[in-house]
Amino acid sequence: MSTTPHLYGSHSPVSHPTVRLLIQGEFVDSRSTELHPVVNPATQEVLAQVPMATPDEVDAAVAAARQAFVTWKATPLAVRMRIMLRFQALLREHLGRIAHVLTLEQGKTLADAEGDIVRGLEVVEHACAVGTLQLGEFAENVANGVDTCTLRQPIGVCAGITPFNFPAMIPLWMFPMAIVCGNTFVLKPSEQDPMSTMELVDLAMQAGVPAGVLNVVHGGKDVVDALCTHPDIVAVSFVGSTAVGTHVYDLASQHGKRAQSMMGAKNHAVILPDAHPVQSLNALVGAAFGAAGQRCMATSVAVFVGAARDWLPEVVKRAQALKVNAGTEPGTDVGPVISPRAKARIEALIASGVAEGAELLLDGRGVQVAGYPQGNFVGPTVLAGVQPHMQVYAQEIFGPVLVCMAVDTLDEAIALVNANPFGNGVGLFTQSGAAARKFQSEIDVGQVGINVPIPVPVPFFSFTGSRGSKLGDLGPYGKQAVQFYTQTKTVTTRWFDDASVNTGVNTTISL
Ligand code: NAD
Numbered sequence: 001m002s003t004t005p006h007l008y009g010s011h012s013p014v015s016h017p018t019v020r021l022l023i024q025g026e027f028v029d030s031r032s033t034e035l036h037p038v039v040n041p042a043t044q045e046v047l048a049q050v051p052m053a054t055p056d057e058v059d060a061a062v063a064a065a066r067q068a069f070v071t072w073k074a075t076p077l078a079v080r081m082r083i084m085l086r087f088q089a090l091l092r093e094h095l096g097r098i099a100h101v102l103t104l105e106q107g108k109t110l111a112d113a114e115g116d117i118v119r120g121l122e123v124v125e126h127a128c129a130v131g132t133l134q135l136g137e138f139a140e141n142v143a144n145g146v147d148t149c150t151l152r153q154p155i156g157v158c159a160g161i162t163p164f165n166f167p168a169m170i171p172l173w174m175f176p177m178a179i180v181c182g183n184t185f186v187l188k189p190s191e192q193d194p195m196s197t198m199e200l201v202d203l204a205m206q207a208g209v210p211a212g213v214l215n216v217v218h219g220g221k222d223v224v225d226a227l228c229t230h231p232d233i234v235a236v237s238f239v240g241s242t243a244v245g246t247h248v249y250d251l252a253s254q255h256g257k258r259a260q261s262m263m264g265a266k267n268h269a270v271i272l273p274d275a276h277p278v279q280s281l282n283a284l285v286g287a288a289f290g291a292a293g294q295r296c297m298a299t300s301v302a303v304f305v306g307a308a309r310d311w312l313p314e315v316v317k318r319a320q321a322l323k324v325n326a327g328t329e330p331g332t333d334v335g336p337v338i339s340p341r342a343k344a345r346i347e348a349l350i351a352s353g354v355a356e357g358a359e360l361l362l363d364g365r366g367v368q369v370a371g372y373p374q375g376n377f378v379g380p381t382v383l384a385g386v387q388p389h390m391q392v393y394a395q396e397i398f399g400p401v402l403v404c405m406a407v408d409t410l411d412e413a414i415a416l417v418n419a420n421p422f423g424n425g426v427g428l429f430t431q432s433g434a435a436a437r438k439f440q441s442e443i444d445v446g447q448v449g450i451n452v453p454i455p456v457p458v459p460f461f462s463f464t465g466s467r468g469s470k471l472g473d474l475g476p477y478g479k480q481a482v483q484f485y486t487q488t489k490t491v492t493t494r495w496f497d498d499a500s501v502n503t504g505v506n507t508t509i510s511l
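The sequence shown stops at residue 511 when you use the UniProt record's numbering, and every number in between is there.
Structure representation (structure tokens):
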């Protein structure tokens, strides 16, 4: 594995490399005695240990960020922009190497790991446009001789807490936008796969991010809670599960911080009988089983409308043809899930679906992968005849399991999706413009794809999950991230010349 040596120390008596913290521009060993193994999900090989940072280390990271804010907020836009330009170039240069680390610790295929980095890289490219993104507004002569302008100013020390499923893209949703707007940052990556995140952070430092502007602490609940309650942190960005995201949002808000939580999902694809069959079925199967179903925007529910239900055997045929293997093996479609615990949970949910009366058309439990007997593999699984009360519909499975339902009309499909508590993503497959227009208008989900299975917006827009998938009004990246990471100040100005001087005192509220 081609990792960067200075990102690791040793932690006697454990022989595995120990992932370092980043505090005040230095990659440093944690003094923590609590270590969590980073495990290759295809082999169970321990790749590294990650320390759960101590309260003093969290304080040191926040103090470094607080101190750096004083000079960083006054650093010209063009200087910040040039650092992002260098950062995006370095990410491109090291793409293949970091993707390899990402696949080893996370499990997804090498091609998908590159996609994980590239989708984050696009945010860095967008951050290079900070000069126009952070512009204020100006209105001349709002009253006689009075002008008003807005300034978009950085807010201070921001924190980011990220999940295991996109260890590159999601940290890159957060810290580049936060720091390019003039803030400083403390990142808490997922303890399950922090190594590729550290590689990105290292490149950001090489690109010229000054000491203290970007800091990293590792840990779990204790470290997250410390960040959410720390008096010197002004904003918290979270991406992860609904239970933790709700806790983070509540705790950070109660402590007076801005908060945004992007959380769990149950994404439906609605297939109308007039949809292009090949295109739609391929898109559906790719979106359901890609990344072993561990994408927050994975299609986990297929809703077949009317005669489209006859396509179910074709879904099964395509799902059956997918190759389950380690992400590093050429030709792999579906890699392992993140942990033995995740695998056991997914398999238990499949069993619950069968027990509750769903029809198991394809069973991925017990799949054997030659050469990887210890891997956390679950093969593509298709459950049909699923009803809303079943656990496989009520819960986010977060594995390669497609839950299939059938309704008679588009109206019924819309009602079904709108009754689900989550609102992250939804897809419609059709060749009818009228049906598409009705769907996009009436569906109550934040991100809609029309013949696009995973409608994650590019960074000129923002990630706009809604309802149970999100807390806080502003989403990651794009214009909404600039709003989240800045505060608006309005300045109202009047200059006097001799002709405009007031001769008396005015006690009314007019300008
Ligand atoms: P998770 O909620 O378990 O972990 C996310 C982060 O929270 C990690 O950094 C973890 O260390 C920390 N954490 C875990 N338990 C905690 C606790 N009790 N208190 C405080 N912090 C805690 O999520 P995960 O399993 O890493 O990621 C998968 C989940 O993330 C899925 O639900 C998926 O839908 C969601 N997700 C959502 C989006 C989105 O944009 N909506 C994107 C990616 C992932």
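Yeah, the Cβ is synthetic: ideal placement off N, Cα and C, and Gly gets one too.
Note that the coordinates shown come from a computational prediction; the quantities given were computed from them, not determined experimentally.
* To do: Ignore the nearest five residues each way along the sequence and tell me which others in S263's own chain have a CB closer than 6 Å to its CB.
  => Checking the sequence shown, residue 263 turns out to be Met, not Ser. Correct list, in chain order: T242, G245, S469.
* Asked: So, helix, strand or coil for P340, using DSSP?
  -> helix
* To do: Identify every residue that forms a DSSP beta bridge with D147.
  => T493
* To do: Using 6 Å as the cut-off, classify the Cβ of M52 as near or not near the heavy atoms of the ligand NAD, replying yes or no.
  => no
* Candidates M405, L416, T103, L349: closest to N325 by CA position -> T103
* Within the present structure, is the beta-carbon of G240 separated from the nearest heavy atom of the ligand NAD by less than 6 Å? -> yes
* Asked: Is the closest heavy atom of the ligand NAD to the C-beta of K221 under 6 Å?
  -> yes
* Inspect the beta-carbon positions of A342 and L383 and report whether they are closer than 7 Å. => no
* Any idea if I271 is buried or exposed, counting beta-carbon neighbours within 10 angstroms, 16 or more meaning buried? -> buried
* Asked: What are the partner residues of Y8, as DSSP defines its beta bridges?
  -> V19
* According to DSSP, which residues form a beta bridge with A207? -> DSSP lists no partner for A207.
* Asked: Can you find at least 3 beta carbon pairs, one from the stretch 214 to 232 and one from the stretch 251 to 266, that sit closer than 8 Å?
  -> yes
* Is M195 near the ligand NAD, judged by its Cβ being under 6 Å from some heavy atom? -> no
* Asked: Does the beta carbon of V224 fall short of 6 Å from some heavy atom of the ligand MG?
  -> Although the ligand MG was asked about, the structure shown includes only the ligand NAD as ligands.
* To do: Could you say which of N502, T490, V501, Y485 lies nearest to T184 if we only look at CA atoms?
  => Y485
* To do: Consider the C-beta atom of residue 513 and the heavy atoms of the ligand NAD; say whether any pair is separated by less than 6 Å.
  => The displayed coordinates of the chain run from 1 to 511. Any statement about residue 513 would go beyond what the structure contains.
* Measuring from the CB of E122, is there a heavy atom of the ligand NAD at a distance below 6 Å? -> no
* Asked: Is the beta carbon of I179 within less than 6 Å of some heavy atom of the ligand NAD?
  -> no
* Can you tell me whether residue 526 is buried or exposed, with buried defined as 16 or more other CB within 10 angstroms of its CB? -> Since the first and last residues shown for the chain are 1 and 511, residue 526 lies out of range.
* Is it a yes or a no for the stretch 54 to 71 touching the stretch 205 to 212, going by three-plus beta-carbon pairs under 8 Å? -> yes
* Taking only the alpha-carbon atoms, compute the straight-line gap between F463 and Q88 and give it to the nearest angstrom. => 20 Å
* To do: Would you tell me roughly how many angstroms separate the C-alpha atoms of P421 and L135, rounded to the nearest one?
  => 37 Å
* Out of I83, F496, T409, P388, which has the shortest C-alpha to C-alpha gap to E356? -> P388
* Minimum C-alpha distance to D116 - residue among A74, W72, V142, N165 -> N165
* Asked: Any chance the CB of S469 is under 6 Å from a heavy atom of the ligand NAD?
  -> yes
* Asked: In terms of residues, what are the limits of the alpha helix (DSSP H) holding H247?
  -> 242 to 254
* Please indicate yes or no: does the CB of S190 lie closer than 6 Å to some heavy atom of the ligand NAD? => yes
* Taking the runs of the alpha helix (DSSP H) that are 4 residues or longer, which of them lie wholly in the stretch 165 to 206? -> 169 to 180, 195 to 206
* Asked: Just to check, is the beta-carbon of I346 closer than 6 Å to a non-hydrogen atom of the ligand NAD?
  -> no
* Q447 - partner residues in DSSP beta bridges -> G425
* To do: Could you tell me if the beta carbon of V217 falls within a distance shorter than 6 Å of some heavy atom in the ligand NAD?
  => no
* Assign V458 to one of two classes, buried (16 or more other C-beta atoms within 10 Å of its C-beta) or exposed (fewer than that). => exposed
* Of the residues A351, A291, D363, S300, which one's Cα is nearest the Cα of G335? -> A291
* Asked: Looking at the structure shown, is F289 part of a helix, part of a strand, or coil, going by DSSP?
  -> helix
* Helix, strand or coil for T381 per DSSP? -> strand
* To do: Given a cut-off of 7 Å, decide if G293 and P453 are closer than it, judged by their beta-carbon atoms.
  => no
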